[in-house]
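Following: one structure in structure tokens, then a few remarks.
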Ligand code: NAP
Ligand code: 8YV
């Protein structure tokens, strides 16, 4: 029997490529010299897509060229790279890779928080530059007695909170809805949360709903001892406002894993010695990336064996939600 045709938008982990190659006829979009011509040629045969948060947006232009598409299997728990509204209109299922990365991302968020407060990269640079021979490294800020606000207490936010409990700090959160089974203090506005704490850890989805949720007002509310940790998406924080707040001393410091225009990072941030910058690595261990990749494969193989998707996003539930009558 002929294998099902699946399109991959850019190279993925060896594990994913090998398993998809074995199960499907895998079309490699990045190898085409003229991508539009290539999609016009093979687009009618494609029934599944494997893509990733870092492969660029998958939107109406691509959907239009794939009239028989049934499923988009995206690598990453965030799926702001896929125009889900377009997928819903066309009855296409979208899947992501939730849960398998919760602990890895939460570990990194805590590491970034402590690295930022205790200035671990700066201390490393001090030693390597031979400056320890001249003077001790200056005393740093601390996590002690801090109040932590988590913006987005979802799967990963909760894993971060559980870790923070072990550090003896107070924990509060903001989301659109208060969670009845959570004992942490709830703030219905992010500014209200920022006023009450001196660390904000941002771990919401990206996209239009959270764009610039953390703006100049929020940063001013966080205050001059305040620290911002962003492991969510660059779009959630107004980067220009953040640079200004860091320059003026409106907040103390920041630890960032994500940026508005990745992989381009503003020179103004790179030039600041007192902050910590990571290149979007929160889930980037071999162990966790392979688990995410396996889920990309499992979603496609499960779908095409007739068993439905493993981890559909909430907008494209499976089994499909019944159509409203009337
Ligand atoms: P999740 O379980 O869906 O949790 C998302 C949380 O954000 C929920 O608690 C939700 O609460 C809150 N939220 C959603 N929209 C909001 C809004 N407009 N304002 C305030 N809060 C909002 O997702 P997750 O699995 O924890 O992942 C969260 C995100 O982390 C991903 O979407 C991705 O963007 C990011 N991430 C980044 C990395 C990295 O490498 N840096 C790795 C993994 C994930 P309410 O519904 O109550 O608002
Ligand atoms: C990955 C992420 O870095 O899962 C997400 O939403 O941002 C990260 O785990 C990303 O998916 C890499 O492709």
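Residue numbers (this note's numbering): 47 to 372.
We put the beta carbon where it would ideally sit given N, CA and C, even for glycine.
Local Cβ density within 10 Å of residue i, reported as buried at 16 or more and exposed below that
| i | result |
| --- | --- |
| residue 64 | exposed |
| residue 317 | exposed |
| residue 126 | buried |
| residue 255 | exposed |
| residue 165 | buried |
| residue 103 | exposed |
| residue 119 | buried |
| residue 87 | exposed |
| residue 54 | buried |
| residue 225 | exposed |
Distance, residue j Cα to residue i Cα
| i | j | result |
| --- | --- | --- |
| residue 175 | residue 321 | 18 Å |
| residue 49 | residue 354 | 18 Å |
| residue 366 | residue 79 | 38 Å |
| residue 247 | residue 207 | 10 Å |
| residue 167 | residue 161 | 7 Å |
| residue 210 | residue 236 | 20 Å |
| residue 100 | residue 273 | 27 Å |
| residue 106 | residue 85 | 13 Å |
| residue 73 | residue 94 | 10 Å |
| residue 298 | residue 314 | 16 Å |
| residue 57 | residue 217 | 40 Å |
| residue 140 | residue 112 | 14 Å |
| residue 163 | residue 187 | 5 Å |
Proximity test, residue i beta-carbon vs ligand 3 heavy atom, cut-off 6 Å
| i | result |
| --- | --- |
| residue 257 | Although ligand 3 was asked about, the structure shown includes only ligand 1 and ligand 2 as ligands. |
Cβ shell of residue i (< 6 Å), same chain only, five flanking positions each side left out
| i | result |
| --- | --- |
| residue 356 | 344, 345, 348 |
| residue 69 | 347 |
| residue 203 | 196, 249 |
| residue 215 | 192, 194 |
| residue 71 | 49, 51 |
Neighbour flag for residue i against chain B, beta carbons, 7 Å
| i | result |
| --- | --- |
| residue 315 | No chain B is present in this structure, which holds just one protein chain. |
Neighbourhood of residue i by C-beta, 7 Å cutoff - its chain only, sequence neighbours within 5 removed
| i | result |
| --- | --- |
| residue 311 | 305, 323 |
| residue 145 | 201 |
Cut-off 8 Å between Cβ atoms - residues of its own chain near residue i, not counting five sequence neighbours on either side
| i | result |
| --- | --- |
| residue 336 | 59, 61 |
(message) If you measure from each CB to the nearest heavy atom of ligand 2 and keep those under 5 Å, what residues do you get, in chain order?
(response) 98, 99, 100, 122, 123, 124, 329
(request) Run through the stretch 270 to 357 for me and flag every whole alpha helix (DSSP H) of 4 or more residues, listed as ranges in chain order. (result) 285 to 294, 313 to 316, 332 to 350
(message) Could you tell me which whole beta strand (DSSP E) segments of length 3 or greater appear in the stretch 69 to 137?
(response) 71 to 74, 92 to 98, 117 to 121
(request) Write down every uninterrupted run of the beta strand (DSSP E) in the stretch 137 to 189 whose length is 3 residues or greater and which is fully enclosed by it, in chain order. (result) 139 to 141
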